[in-house]
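Participant: To start, I am sharing the structure in question, which I have written as structure tokens.
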Amino acid sequence: MPINGSTTTPTAAVEVPRGLAGVVVTETRLGDVRGYEGFYHYRQYSAVELAQTRSFEDVWHLMFHGELPDAGQRSAFAARTARLRRLPDEVLAALPAIARAGALSGPLSGLRTALSLFGAAKGFRPVYDIDEDRRREDALAASAVVPTLLTALYRLGQGLDPVEPREDLSYAANYLYMLTGSEPDPARARAIEQYLISTIDHGFNASTFTARVITSTGADVAACLVGAVGALSGPLHGGAPSRALDTLDAIGTPDRIDGWIRERVLAGDRIMGFGHPVYRTEDPRSRMLRGIAQQFGGGLVEFAVEVERQVEAILAELKPGRELHTNVEFYAGVVMELCGLPREMFTPTFAAARAVGWGANILEQAQDSKIIRPAARYVGAAAPVPVPALG
Numbered sequence: 000m001p002i003n004g005s006t007t008t009p010t011a012a013v014e015v016p017r018g019l020a021g022v023v024v025t026e027t028r029l030g031d032v033r034g035y036e037g038f039y040h041y042r043q044y045s046a047v048e049l050a051q052t053r054s055f056e057d058v059w060h061l062m063f064h065g066e067l068p069d070a071g072q073r074s075a076f077a078a079r080t081a082r083l084r085r086l087p088d089e090v091l092a093a094l095p096a097i098a099r100a101g102a103l104s105g106p107l108s109g110l111r112t113a114l115s116l117f118g119a120a121k122g123f124r125p126v127y128d129i130d131e132d133r134r135r136e137d138a139l140a141a142s143a144v145v146p147t148l149l150t151a152l153y154r155l156g157q158g159l160d161p162v163e164p165r166e167d168l169s170y171a172a173n174y175l176y177m178l179t180g181s182e183p184d185p186a187r188a189r190a191i192e193q194y195l196i197s198t199i200d201h202g203f204n205a206s207t208f209t210a211r212v213i214t215s216t217g218a219d220v221a222a223c224l225v226g227a228v229g230a231l232s233g234p235l236h237g238g239a240p241s242r243a244l245d246t247l248d249a250i251g252t253p254d255r256i257d258g259w260i261r262e263r264v265l266a267g268d269r270i271m272g273f274g275h276p277v278y279r280t281e282d283p284r285s286r287m288l289r290g291i292a293q294q295f296g297g298g299l300v301e302f303a304v305e306v307e308r309q310v311e312a313i314l315a316e317l318k319p320g321r322e323l324h325t326n327v328e329f330y331a332g333v334v335m336e337l338c339g340l341p342r343e344m345f346t347p348t349f350a351a352a353r354a355v356g357w358g359a360n361i362l363e364q365a366q367d368s369k370i371i372r373p374a375a376r377y378v379g380a381a382a383p384v385p386v387p388a389l390g
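Just so we're aligned, residue 0 is where the sequence shown starts under numbering that gives the first Met the number 0, counting upward by one.
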């Protein structure tokens, strides 16, 4: 179906911005990001309000089924997804080798291999060869095991045994339990849950778009998720939470903030944790996570808030008219640090949330049988040129 009433023929070249910025490529009922308002939503609900008032499982149900669950549906859905956390024996047996192979690259790299193996072990079939109910079952199963795979790969990489998932814990609490081996403090489990909810989906970002492109070929759900994980692994997409904390470490003390930031701004360097390609106001996720961090309090939080204040003041002075605020990664790193997550698990934790959003996008894209197949403009040497003979 043409977008916005376009009548462009399939063979015509269409000029688009570099990086497809702002280009509408499809229609979605899953949510939207309104960057100039500092607002984003999942279906018809504010994503921030959902994070503040609902459980992760509630929002998962909303994304997959199109509605928030009532009390009975909530209990049934939570129990159903909890049962899906366990890994097939074939996958469990392979995890030590996957962890060893990815010793330098970490759990997110291993997740690509493990998810692919999981899909094969479960007999996932191309999305165009199965009905909607089976697609949803595959997406639920794959989303549910992402935390199990990530925590097992991390622990194996640390020389520890994986921790079996518990069905009596929530998604977030079970994630922390499998990571540490101890049942988490409820306040920290809730803080991580709110972070996870706030990052389930966020418009047509690079990983979500990748998942939908792969889905449009008819590939199975695991293949679509593997592609999305690959896109997320890039530092310009999902790799910033730990780097934002590295910035705080590099600054060190409040008296060094001004000089450190001015030097980077004048040099044109990027300040990790600041700026977003969509938001022209404060990132609403950052605002919410700042509030969560301040509930814990402490020196790290006070320092982060002061860095944020001074960065914005310095940018207003040196780059007047340029809106640059903290993005989700800045305070996400602070919250995860406060909750005891190791820094190498920051981006994998993001993936544990985004897997649900990817799954919802895969299900929506699978309803459209049209392959996503854009064009490129050739700018190389003029063709055809005679092929030279071997001399």
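Beta carbons: idealized from backbone N, C-alpha and C, even for Gly.
Need the endpoints of the beta strand (DSSP E) that D31 sits in, please.
Facilitator: From DSSP, the beta strand (DSSP E) with D31 extends over 30-33.
Participant: Do D282 and H324 have their CB atoms nearer than 8 Å?
Facilitator: Going by C-beta atoms, D282 is nearer than 8 Å to H324.
Participant: Rounded to the nearest angstrom, how far is the Cβ of L94 from that of L155, given a contact under 8 Å?
Facilitator: Yes, they are in contact, since the Cβ atoms of L94 and L155 sit about 6 Å apart, within 8 Å.
Participant: Exposed or buried, what is Y377 when buried is set at 16 or more other beta-carbons lying within 10 Å of its beta-carbon?
Facilitator: It is exposed - the Cβ of Y377 has fewer than 16 other Cβ atoms within 10 Å.
Participant: Quick one: measure Cβ to Cβ for A212 and I371, integer angstroms, because I've assumed they're closer than 8 Å.
Facilitator: In the sequence under discussion, the amino acid at residue 212 is Val, which differs from the Ala named in the question. Contact holds; Cβ gap of about 5 Å.
Participant: A141 to R187, Cα distance in whole Å?
Facilitator: Each residue's Cα considered, the two are about 25 Å apart.
Participant: How should D132 be labelled, buried or exposed, when 16 other C-beta atoms within 10 angstroms of its C-beta is the threshold for buried?
Facilitator: Exposed.
Participant: H236 bridges to which residues according to DSSP?
Facilitator: None; H236 has no bridge partner.
Participant: Using C-beta distances below 6 Å, list every residue in its chain close to M335, excluding the 5 sequence neighbours before and after it, in chain order.
Facilitator: The answer, listed in chain order, is F345.
Participant: Is it buried or exposed, Q157, if we count other Cβ atoms within 10 angstroms and call 16 or more buried?
Facilitator: It is exposed - the Cβ of Q157 has fewer than 16 other Cβ atoms within 10 Å.
Participant: What's the call for E36, buried or exposed, on a 16-neighbour Cβ count within 10 Å?
Facilitator: E36 is exposed by the Cβ-count criterion.
Participant: Are the beta-carbon atoms belonging to Y359 and L29 less than 8 Å from one another?
Facilitator: Just to set this straight, residue 359 is Ala in the shown sequence, not Tyr. Cβ atoms of A359 and L29: closer than 8 Å.
Participant: Tell me, please, which residues DSSP counts as bridged to T325.
Facilitator: Bridge partners of T325: F273.
Participant: Please classify K369: is it buried, with 16 or more other beta-carbons within 10 angstroms of its beta-carbon, or exposed?
Facilitator: So K369 ends up on the exposed side.
Participant: Closest to C223 by CA distance: which of P234, S232, T207, G233 is it?
Facilitator: Checking every option, the nearest Cα to that of C223 belongs to T207.
Participant: Could you check if V145 is buried or exposed, using at least 16 other CB atoms within 10 Å of its CB as the buried criterion?
Facilitator: Label assigned to V145: buried.
Participant: Out of E136, A171, I361, V225, state which residue places its alpha-carbon closest to the alpha-carbon of L110.
Facilitator: Of E136, A171, I361, V225, the residue nearest in Cα terms is V225.
Participant: Go ahead and pull the three-state DSSP assignment for S74.
Facilitator: Here S74 sits in helix by DSSP.
Participant: Could you give the distance in angstroms between the alpha-carbon of D248 and the alpha-carbon of P240?
Facilitator: One C-alpha to the other measures close to 13 Å.
Participant: Does the pairing of the stretch 299-317 with the stretch 254-272 give three or more beta-carbon distances under 8 Å?
Facilitator: Touching, per the Cβ criterion.
Participant: F38 bridges to which residues according to DSSP?
Facilitator: BP columns for F38 point to R33.
Participant: Suppose contacts are defined by Cβ-Cβ distances below 8 Å. Is T198 in contact with V327 by that definition?
Facilitator: A contact, by the Cβ cut-off of 8 Å.
Participant: Do V162 and Y176 have their C-beta atoms within less than 8 Å of each other?
Facilitator: Yes, the Cβ-Cβ distance between V162 and Y176 is below 8 Å.
Participant: Distance, Cα to Cα, P383 vs A12?
Facilitator: Between P383 and A12, the C-alpha separation is close to 21 Å.
Participant: Quickly, what does DSSP pair Y44 with across the bridge? List them, please.
Facilitator: According to DSSP, Y44 bridges with Y41.
Participant: If you draw a straight line from the C-alpha of A92 to the C-alpha of D245, how long is it?
Facilitator: Near 35 Å, if we compare the C-alpha coordinates of D245 and A92.
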